[in-house]
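Peer 1:
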Amino acid sequence: VLTAEQLAPLLEPPEYRRSAAAVNVDESWVLSTLTRLNGRPEVTDGGQIVYVFDDLRTTASSSKGEKPPAIIEEQEVPFSLAEDDQLYLAGGLGLVNLIGAAYLGVQLGGLPAGMAVPGFIGLVKTWYPALLAYAIGFIAAPTVRYLSLDSTNTAIQDRNKNRQDWLNVLRSGEVDGKMAQARKL
Numbered sequence: 039v040l041t042a043e044q045l046a047p048l049l050e051p052p053e054y055r056r057s058a059a060a061v062n063v064d065e066s067w068v069l070s071t072l073t074r075l076n077g078r079p080e081v082t083d084g085g086q087i088v089y090v091f092d093d094l095r096t097t098a099s100s101s102k103g104e105k106p107p108a109i110i111e112e113q114e115v116p117f118s119l120a121e122d123d124q125l126y127l128a129g130g131l132g133l134v135n136l137i138g139a140a141y142l143g144v145q146l147g148g149l150p151a152g153m154a155v156p157g158f159i160g161l162v163k164t165w166y167p168a169l170l171a172y173a174i175g176f177i178a179a180p181t182v183r184y185l186s187l188d189s190t191n192t193a194i195q196d197r198n199k200n201r202q203d204w205l206n207v208l209r210s211g212e213v214d215g216k217m218a219q220a221r222k223l
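Here it is as structure tokens:
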């Protein structure tokens, strides 16, 4: 038997809002967990909503007394698993590639427009747009990843902070009465 406040540090609850009342009324975010874990809500004699998970009672009683983590903390997504020096070398290679493609473009641009260039230089001129696209993509792909990971990791930090806020509410004693009623069931 658990209260929403006990579940909050382990799930993704909405932001905790301290109200004039001693309890948070909207606990609809618990519904998906109730459904997945075959739980059911019950109202205590004191009018508090608690959640019963009958399927988990046997599992909890057979555990070896290991305490669960205080909160489930999401780990931030790393930019890469490569070592820093490998990342610097890859960035340097990309920069050299881009500068080389730009230099090649200037050299090929100096050729007369209608001139047919034979051999290897003609092949390079034909493939130059693909070489330039590769050089730009080699720099652009990690840049886009870095920028998107920044927003992803900010969202992860916000969710972790929200879970910590709910844990602080649980530890502060604000919901002790509700938890006492839950223990009676």
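For the sequence shown, the positions run 39 to 223 when the numbering used here is used.
Note that CB positions come from ideal geometry on N, CA and C, so glycine has one too.
Are Q202 and I109 close, meaning C-beta to C-beta below 7 angstroms?
Peer 2: yes
Peer 1: Mind checking who V88 pairs with in its DSSP beta bridge?
Peer 2: E80
Peer 1: In terms of residues, what are the limits of the alpha helix (DSSP H) holding E43?
Peer 2: 42 to 45
Peer 1: Within its chain, find whatever has a CB closer than 7 angstroms to the CB of W204; leave out the 5 residues flanking it on each side and keep chain order.
Peer 2: E43, A46, P47, P51, Y54
Peer 1: So, does the CB of K222 fall closer than 7 angstroms to a CB anywhere in chain C?
Peer 2: Structure shown: chain C not included; a single protein chain is present.
Peer 1: Which residues in the same chain have their Cβ closer than 8 angstroms to the Cβ of L133, if we skip the five residues on either side of it in sequence?
Peer 2: I177
Peer 1: Starting from Y184, trace the alpha helix (DSSP H) both ways and give me its first and last residue.
Peer 2: 157 to 210
Peer 1: Taking 7 angstroms as the threshold (C-beta atoms), are V115 and V39 in contact?
Peer 2: no
Peer 1: With a Cβ-Cβ cutoff of 7 angstroms, do L169 and A128 count as a contact?
Peer 2: no
Peer 1: Within 10 angstroms of the Cβ of A220, are there 16 or more other Cβ atoms? Answer buried if so, exposed if not.
Peer 2: buried
Peer 1: Any heavy atom of the ligand GTP closer than 6 angstroms to the CB of T82?
Peer 2: By its list of ligands, the structure shown contains no ligand whatsoever, and the ligand GTP lies outside what it can speak to.
Peer 1: Are T41 and K216 closer than 7 angstroms when you measure CB to CB?
Peer 2: yes
Peer 1: Applying the criterion that 16 or more other CB atoms from any shown protein chain within 10 Å of the CB defines a buried residue, is A193 buried or exposed?
Peer 2: exposed
Peer 1: Tell me whether A218 sits in a helix, a strand or coil according to DSSP, three-state version.
Peer 2: helix
Peer 1: How many Å lie between G157 and A171 at the Cα?
Peer 2: 22 angstroms
Peer 1: When you compare each of L94, Q124, G85, P167 to L75 by their alpha carbons, which one comes out closest?
Peer 2: L94
Peer 1: Of the residues I159, Q113, E80, which one's Cα is nearest the Cα of D92?
Peer 2: Closest by alpha carbon: E80.
Peer 1: Nearest CA to the CA of A179: which residue from F117, D196, Y141?
Peer 2: F117
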